[in-house]
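J.:
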Amino acid sequence: SDDKALKRHLLRKYSGYLGGLRKELSKKRKKGKLPKEARQKLLTWWELHYRWPYPSEMEKIALAESTGLEQKQINNWFINQRKRHWKPTEEMEFAVMEAYHHQSTDAAAAFYVDVDARLVGATAAAPASAVYTARPDH
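So the sequence shown is residues 1 to 138, counted in full-length UniProt numbering.
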């Protein structure tokens, strides 16, 4: 009985504070979708670069400006999109595995440039610099 009275007293005294705290916590937990227009712009880029969906830093900045999103949101969107919807071709998987086995960084970098040139030639998708944003050792 004393416990119930104390509980009622504390709830009355702190209910406003607890309500505000609850509201704050729910804001932080809330997972909002990105605005439809922003998602559409990101998907358009994705479709144009599907074979190698790693935007350069300059492309990320441009996407952030054109969508009104923060660069962190752009980065997270691409990470999630690749994880959920991208299957690298066997040729790309082989190229990544081969690069892991190269001893020198210079040899690995030269290998990546060669692989990138072949992939870009086949897709006309990624700038030569794009391959460096996704190197497995970075």
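Where is the CB? At the ideal position from N, CA and C, for every residue including glycine. From a predicted model like this one, the values you see are computed outputs, not experimental measurements.
Is DSSP giving HIS85 helix, strand or coil here?
T.: HIS85 falls in the helix class under three-state DSSP.
J.: What span of residues does the alpha helix (DSSP H) with SER66 cover, start to end?
T.: It spans 57-67 - the alpha helix (DSSP H) in which SER66 sits, taken as one unbroken run.
J.: Would DSSP call ARG22 helix, strand or coil?
T.: Helix at ARG22.
J.: Residues in its own chain within less than 7 Å of ARG82 by CB, not counting five upstream and five downstream?
T.: PRO53.
J.: By the DSSP assignment, the alpha helix (DSSP H) with LEU34 in it spans what residues?
T.: First-last for LEU34: undefined, no H or E at that position.
J.: Given ILE61, which residues of its chain have a CB within under 8 Å of its CB, disregarding the five upstream and five downstream residues?
T.: Once the five neighbours on either side are set aside, the close Cβ partners of ILE61 are GLN71.
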